[in-house]
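Since the structure comes first, as structure tokens, the remarks are kept for the end.
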Amino acid sequence: MHDHRKLGRELGLFDTDPLIGAGLPYWLPDGAIVRHTLEEYIRDAERRAGYRHVYSPVLGKRELYEISGHWSHYSDDMFPPMDLGSEQVVLRPSLCPHHAVIYRSRSRSYRELPLRMAELGGMYRSEPSGVLGGLTRVRAIQLNDAHIFCTLDQVAEEARAALEMIRRAYGALGIDAARYRLSLPGPGGKYVAAPEMWERATVLLTEVLDRSGVAYEAAEGEAAFYGPKIDIQVADGAGRESTLSTVQVDFHQPRQFDLHYIGADGARHRPVMVHRSIIGSVERAVAHLIERHGGAFPAWLAPTQVVILPITEDELPDAAALARRCAELGLRAEVAGPGRGSLGARVREARLVPYQAVIGAKEAATGEVALRLRDGRRLDPRPAADALARIGALVRSRSTDLWDAAVA
Ligand SMILES: [Zn+2]
1 MHDHRKLGRE
11 LGLFDTDPLI
21 GAGLPYWLPD
31 GAIVRHTLEE
41 YIRDAERRAG
51 YRHVYSPVLG
61 KRELYEISGH
71 WSHYSDDMFP
81 PMDLGSEQVV
91 LRPSLCPHHA
101 VIYRSRSRSY
111 RELPLRMAEL
121 GGMYRSEPSG
131 VLGGLTRVRA
141 IQLNDAHIFC
151 TLDQVAEEAR
161 AALEMIRRAY
171 GALGIDAARY
181 RLSLPGPGGK
191 YVAAPEMWER
201 ATVLLTEVLD
211 RSGVAYEAAE
221 GEAAFYGPKI
231 DIQVADGAGR
241 ESTLSTVQVD
251 FHQPRQFDLH
261 YIGADGARHR
271 PVMVHRSIIG
281 SVERAVAHLI
291 ERHGGAFPAW
301 LAPTQVVILP
311 ITEDELPDAA
321 ALARRCAELG
331 LRAEVAGPGR
341 GSLGARVREA
351 RLVPYQAVIG
361 AKEAATGEVA
371 LRLRDGRRLD
381 PRPAADALAR
391 IGALVRSRST
401 DLWDAAVA
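All residue numbers for the sequence shown refer to my numbering, where the first residue is 1 and numbers rise by one.
What follows is the structure in structure tokens.
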């Protein structure tokens, strides 16, 4: 596997600058396309799965985190508070407290549950400068987050559905889970003390894992401070694991924020909070994608999806016309004309682009293109409209297959 820091710079995806600061990367246009496309995939998958999206601010009063428990259990990872007159505000270390407050902003009925609240939102972690690097250890994080407020009876099904979303996302992204981990508390950690709550949450997650049929390992000392979790680990080239996706069961924050819903019996009941993330932080997900694919992203994620290669200057108008047709179909295309070198040199330069459309005198005369695929395959010349329709369908289906997948 490749080093995403080196490749990310070479491919113009992201960079850092000492003046902005360590652990605060910025995204260049091609990297921004990958990120935006990934975020849209997640929002679309969540909408289809019944999630509703919200926006909440990246700052909150210190008191919010005192209630959530972050202040007493997690402050080592938080930036110091900022004084604002008589109060203090902090950069948030997680989105959960904001979502809990949004939940309780109105009265909730059992008919609204499970209430699935999602946000791709910013959060901050005061990482020591020694561990910062590339996109994997950063101080400003964009998190794919969601909180499902539900009854105890609904927890297992919600957790199962989240695992299924994760499985599908890994398929579309062409990545593999290295390991499923049941993350439990360990000795000496800062955990909220409520033994029967931990016990209940652990039993629930164990049942979900057992029923899902995946192999998993239990690991002590890896739980969140408020509860156990299922973590899905991915590995880098050196075999180092990190957590990409997670499903957590939390009885603590609903109690801290005094959340409730009105049950069928007309009485107040406490909901459970399921925290889940499909791809974790956008930064870490893109770092893993860069390394896993060596920059050759699945076609639907690729910054440039089609490179158009006119053999001589004579085919430039046809190449430009084809680029316009790509744009109309929502495909990201670029013309690499003879001014950029021999055909061989231009093909090499475009080696990470999934589709290379070559137009010579014959193709220009017949309205055809000769397609080369990134994996080296060369297809017979075909009508340009057919080729683009096929590419469009493959991209829309978010296939990792460049040509042969069955798509509508
Ligand atoms: Zn959360």
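Each residue gets a CB set at the ideal place from its N, CA and C atoms; glycine is no exception.
query                                                                                                                                                                        : result
Any heavy atom of ligand 1 closer than 8 Å to the beta-carbon of M117?                                                                                                       : no
Beta-carbon within less than 6 Å of L379's beta-carbon, same chain only, minus the 5 sequence neighbours each way: which residues are those?                                 : L371
Since I308 and V335 should fall inside the 8 Å C-beta cutoff, what is the C-beta to C-beta distance between them, to a whole number of angstroms?                            : 5 Å
Who are the near neighbours of A22 in its chain, counting only those whose CB is closer than 6 Å to its CB and skipping five residues on each side?                          : S129, L132
Jot down the residue ranges of each uninterrupted alpha helix (DSSP H) in the segment 255-315, minimum 4 residues, whole runs only, in chain order.                          : 282-293
For ligand 1, is there any heavy atom lying closer than 8 Å to the beta carbon of C326?                                                                                      : no
Three-state secondary structure (DSSP) at V54?                                                                                                                               : coil
Considering only the beta carbon of each residue, do A146 and M117 sit closer than 9 Å?                                                                                      : yes
Using alpha carbons as the reference points, say which of E368, E349, W300, V395 lies closest to R35.                                                                        : W300
How big is the Cα-Cα spacing for V234 and E315?                                                                                                                              : 46 Å
When you compare each of D3, A49, Y74, R390 to R92 by their alpha carbons, which one comes out closest?                                                                      : Y74
Where does K190 land, buried or exposed, given buried means 16+ other C-beta within 10 angstroms?                                                                            : exposed
Which residues mark the beginning and the end of the alpha helix (DSSP H) in which R139 is found?                                                                            : Unbroken run through R139: none, as it is neither H nor E.
In the DSSP output, which residue or residues are listed as bridge partners for L84?                                                                                         : E87
Compute every distance between the C-beta of D145 and the non-hydrogen atoms of ligand 1, then say whether any falls below 8 Å.                                              : yes
Across which residues does DSSP place W27 in a beta bridge pair?                                                                                                             : F14
Roughly how many whole angstroms lie between the Cα atoms of A215 and S242?                                                                                                  : 17 Å
Kindly provide the ranges of any beta strand (DSSP E) runs that are 3 or more residues long and lie completely inside the segment 179-246, ordered along the chain.          : 179-184, 216-220, 229-235
Leaving aside the five residues before and after L332 along the sequence, list all residues of the same chain whose C-beta is less than 6 Å from its C-beta, in chain order. : The sequence shown places Arg at residue 332, not Leu. Here the set comprises T304, Q305.
With distances taken Cα to Cα, identify the nearest neighbour of A201 among V282, I230, H4.                                                                                  : I230
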